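*Asks:* Could you have a look at this structure, given as structure tokens, before my questions?
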């Protein structure tokens, strides 16, 4: 074994060992069906506690890279280095945005299972707002993770945040004035402008949009990213979120709540969503770019239940922009609990 554990570094010892073992599995150093070193052997050679090694090995099992055999040890269940493509994707490099701890082997297993279970049904055209399997899985997930009680029929699936921003402005109308945080994620402003809507930026304070700026604004749509707004990093306080909800009711306005990155929050108690405070006034929007990976070009928005008829009339002709196969894979990833396990691993790394 040629493993090195850096003491006192920014990464926990178990995480360093997990990454090195996983890399050897993926590169074929330990072939499929081969036995991994025992926890006691690893602990002795690396000067680690058995508990630390057990933690690293448990992550490999959770991810599907290894399987335990009773009274025998751990055996590799997935691995082997894939050949590099000769053109196209070879020029792409993994960036810091691609998480090293993503359970790729588990995703591969789910993909194979979907192909087996659904067969040629993956070739069918998706319902316009998304497959029932994914919308149901998302509704259940939102109840568990964010305390939102929504119906699957309130959810619209689309290929990423920018696509959904476009649906929002088409649903609400380009004649309205759209307010956003200043500074904000630049594509919010640019997508609204591309659809012909006028936008205005509202300055940010330490705990959200400045109260005076919001009160003086003539906008009737407010796009906010309450948790860890980009690029300011500001998280709206509970009091500020209540003010947003009150403003929307008082002004007969709509809030677009872009809940990007909220699941990775490390506080013991999740801050309540604006949607939960004013469900009749808020469009809740989220994607999987942060919780899974940037290449998972899937997002969803939750509309107030009375608005679904309005959505069907105005935009129901749109075909869903996410293939059925990808929707089914994501629904199984959520239903299996793998999404929440992945999120929990990311949270542990942030602490």
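In our numbering, the protein residues as written are 36 to 386.
Glycine included, C-beta positions come from ideal geometry on N, C-alpha and C.
Predicted model only: the values in this text are computed from it and were never measured.
(1) According to DSSP, what are the bridge partners of residue 238?
(2) In terms of residues, what are the limits of the beta strand (DSSP E) holding residue 191?
(3) According to the Cβ coordinates, are residue 255 and residue 231 closer than 8 angstroms?
(4) Three-state secondary structure (DSSP) at residue 395?
(5) Name the two residues that bound the continuous beta strand (DSSP E) containing residue 322.
(6) In whole angstroms, what separates the C-alpha of residue 128 from that of residue 292?
(7) Taking 8 angstroms as the cut-off, decide whether the C-beta atoms of residue 269 and residue 252 are in contact.
(8) Quick check on residue 329: does DSSP put it in helix, strand or coil?
(9) Can you check which of these residues, 262, 306 and 189, is closest to residue 337 by C-alpha distance?
(10) Going by the beta-carbon positions, is the gap between residue 88 and residue 95 smaller than 8 angstroms?
(11) Taking the straight line between their C-alpha atoms, what separation do you get for residue 367 and residue 49?
(12) So if DSSP puts residue 86 in a beta bridge, which residue, or which two residues, is it bridged to?
(13) If you count every other CB in all the chains shown that lies within 10 Å of the CB of residue 321, and 16 or more means buried, which is it?
(14) DSSP has residue 70 in a bridge; who is on the other side?
(15) From the DSSP output, in three-state form, read off residue 334 for me.
(16) Do we get a CB-CB distance below 8 angstroms when we pair residue 295 with the residues of chain D?
(17) Let me make sure I understand the geometry here. Which of 163, 81 and 56 has the alpha-carbon closest to that of residue 69?
(18) With a threshold of 16 other CB atoms inside 10 Å of the CB of residue 361, please say whether the residue is buried or exposed.
(19) Using 10 angstroms around the beta-carbon of residue 259, count the other beta-carbons present and answer buried if the total reaches 16, otherwise exposed.
(20) What does the Cβ neighbour count give for residue 238, buried or exposed, with the cut at 16 atoms within 10 Å?
(21) Helix, strand or coil for residue 263? Go by DSSP, reduced to three states.
(22) Here's the rule I'm using: 16 or more other beta-carbon atoms within 10 Å means buried, otherwise exposed. How should residue 357 be labelled?
(23) Which residues in the same chain as residue 153 place their Cβ atom closer than 7 angstroms to its Cβ, once the five residues preceding and following it in sequence are excluded?
(24) What residues in its chain sit with their C-beta under 8 angstroms from that of residue 122, if we drop five residues either side in the sequence?
(25) Just verifying my parser: in three-state terms, what is the DSSP assignment at residue 341?
(26) Mapping DSSP to helix, strand and coil, what is residue 101?
(27) Grab me the residues of residue 343's own chain with a C-beta within less than 8 angstroms of its C-beta, minus the 5 sequence neighbours each way, in chain order.
(28) Measuring alpha carbon to alpha carbon, tell me which of 193, 142, 280 and 141 ends up nearest residue 162.
(29) Note down the Cα distance separating residue 113 from residue 81, rounded to an integer number of angstroms.
(30) For the structure I just gave you, are there three or more beta carbon pairs, one from the region 172 to 182 and one from the region 218 to 229, closer than 8 angstroms?
(31) One question on the structure: do residue 377 and residue 331 come within less than 8 angstroms of each other, judged by their Cβ atoms?
(32) Which of the three DSSP states, helix, strand or coil, is assigned to residue 204?
(33) Could you check the C-alpha separation between residue 371 and residue 97 for me, to the nearest Å?
(34) Applying the criterion that 16 or more other CB atoms from any shown protein chain within 10 Å of the CB defines a buried residue, is residue 308 buried or exposed?
(35) What is the rounded straight-line gap between the Cα of residue 319 and the Cα of residue 334?
(36) Just list the residues that DSSP pairs residue 244 with in beta bridges.
*Replies:* According to the data block:
(1) For the purposes of this step, residue 238 is identified with residue 203 of the chain shown, where counting begins at 1. Paired residue(s): 217.
(2) Counting from 1 along the chain shown, the entry for residue 191 is found at position 156. Looking at the DSSP string, the run of the beta strand (DSSP E) that includes residue 191 is 190 to 193.
(3) Reading the chain shown from its first residue, position 220 is the one you call residue 255. Reading the chain shown from its first residue, position 196 is the one you call residue 231. Taking 8 angstroms as the Cβ cut-off, residue 255 and residue 231 do not qualify as a contacting pair.
(4) The structure shown does not extend to residue 395, since the chain is modelled only from 36 to 386, so the question has no answer here.
(5) Within the chain shown, residue 322 is the residue found at index 287, counting from 1. Residues 317 to 322.
(6) In the chain shown, counting from the first residue as 1, residue 128 sits at position 93. In the chain shown, counting from the first residue as 1, residue 292 sits at position 257. For residue 128, the predicted structure reports a pLDDT of 46, less than 50, and the residue's modelled location is therefore unreliable. A value from the coordinates is still provided. Distance between the alpha carbons of residue 128 and residue 292: 32 angstroms.
(7) One-based indexing of the chain shown puts residue 269 at position 234. One-based indexing of the chain shown puts residue 252 at position 217. Cβ distance not < 8 angstroms, so residue 269 and residue 252 don't count as in contact.
(8) If you number the chain shown from 1, residue 329 lands on position 294. Residue 329: coil per DSSP, three-state reduction.
(9) Position 302 of the chain shown, counting from 1, holds the residue named residue 337. Residue 337 has its Cα closest to that of 189, out of 262, 306 and 189.
(10) To locate residue 88, count along the chain shown from 1; it is residue 53. To locate residue 95, count along the chain shown from 1; it is residue 60. It is not a contact, given that the beta carbons lie outside the stated cut-off.
(11) In the chain shown, residue 367 corresponds to position 332, counting from 1. In the chain shown, residue 49 corresponds to position 14, counting from 1. Cα-Cα distance, rounded: 28 angstroms.
(12) On the chain shown, residue 86 is found 51 positions in, with the first residue counted as 1. Paired residue(s): none; residue 86 is not in a bridge.
(13) Here the question's residue 321 lines up with position 286 in the chain shown. Looking at its Cβ environment, which holds 16 or more other Cβ atoms inside 10 Å, residue 321 is buried.
(14) As a first step, residue 70 must be located in the chain shown, where it is residue number 35. In the DSSP output, where bridge partners are listed per residue, residue 70 has 110.
(15) As a working note, residue 334 is residue 299 in the chain shown. Strand, per DSSP.
(16) In the structure shown, chain D does not exist; there is a single protein chain.
(17) Within the chain shown, residue 69 is the residue found at index 34, counting from 1. Among 163, 81 and 56, the Cα nearest to that of residue 69 is on 56.
(18) Reading the chain shown from its first residue, position 326 is the one you call residue 361. Classification for residue 361: buried.
(19) Taking the first residue of the chain shown as position 1, residue 259 is located at position 224. Burial call: buried.
(20) As a position in the chain shown, residue 238 is number 203, starting the count at 1. Its Cβ having fewer than 16 others within 10 Å, residue 238 is exposed.
(21) Position 228 of the chain shown, counted from the first residue, corresponds to residue 263. It is coil, neither helix nor strand.
(22) As a working mapping, residue 357 is identified with position 322 in the chain shown. The residue in question, residue 357, is buried, as its Cβ has 16 or more Cβ neighbours within 10 Å.
(23) Numbered from 1 along the chain shown, position 118 holds the residue referred to as residue 153. Once the five neighbours on either side are set aside, the close Cβ partners of residue 153 are 363.
(24) What you label residue 122 is simply residue 87 of the chain shown in a count that begins at 1. For residue 122, the predicted model reports a pLDDT of 46, less than 50, meaning its position is unreliable and no value from the coordinates is stated.
(25) Translated into positions along the chain shown, residue 341 becomes position 306. Residue 341 falls in the helix class under three-state DSSP.
(26) On the chain shown, residue 101 is found 66 positions in, with the first residue counted as 1. DSSP places residue 101 in strand when its eight states are reduced to three.
(27) As a position in the chain shown, residue 343 is number 308, starting the count at 1. These residues qualify, in order along the chain: 188 and 189.
(28) Locating residue 162 in the chain shown gives position 127, counting from the first residue. Of 193, 142, 280 and 141, the residue nearest in Cα terms is 193.
(29) Counting from one through the chain shown, the residue named residue 113 turns up at place 78. Counting from one through the chain shown, the residue named residue 81 turns up at place 46. The alpha-carbon atoms of residue 113 and residue 81 are separated by roughly 25 angstroms.
(30) no
(31) As a working note, residue 377 is residue 342 in the chain shown. As a working note, residue 331 is residue 296 in the chain shown. No; because the gap between Cβ atoms is not below 8 angstroms, this pair is not in contact.
(32) Reading the chain shown from its first residue, position 169 is the one you call residue 204. In the structure shown, residue 204 sits in a helix (DSSP, three-state: H, G or I).
(33) Taking the chain shown and counting its residues from 1, one reaches residue 371 at position 336. Taking the chain shown and counting its residues from 1, one reaches residue 97 at position 62. Cα to Cα, the separation comes out at about 12 angstroms.
(34) What you label residue 308 is simply residue 273 of the chain shown in a count that begins at 1. Counting Cβ neighbours within 10 Å, residue 308 comes out buried, since at least 16 surround it.
(35) For this step, residue 319 is matched to residue 284 along the chain shown. For this step, residue 334 is matched to residue 299 along the chain shown. C-alpha separation (whole angstroms): 11 angstroms.
(36) Counting from one through the chain shown, the residue named residue 244 turns up at place 209. Looking at the DSSP assignment, residue 244 forms a beta bridge with 239.
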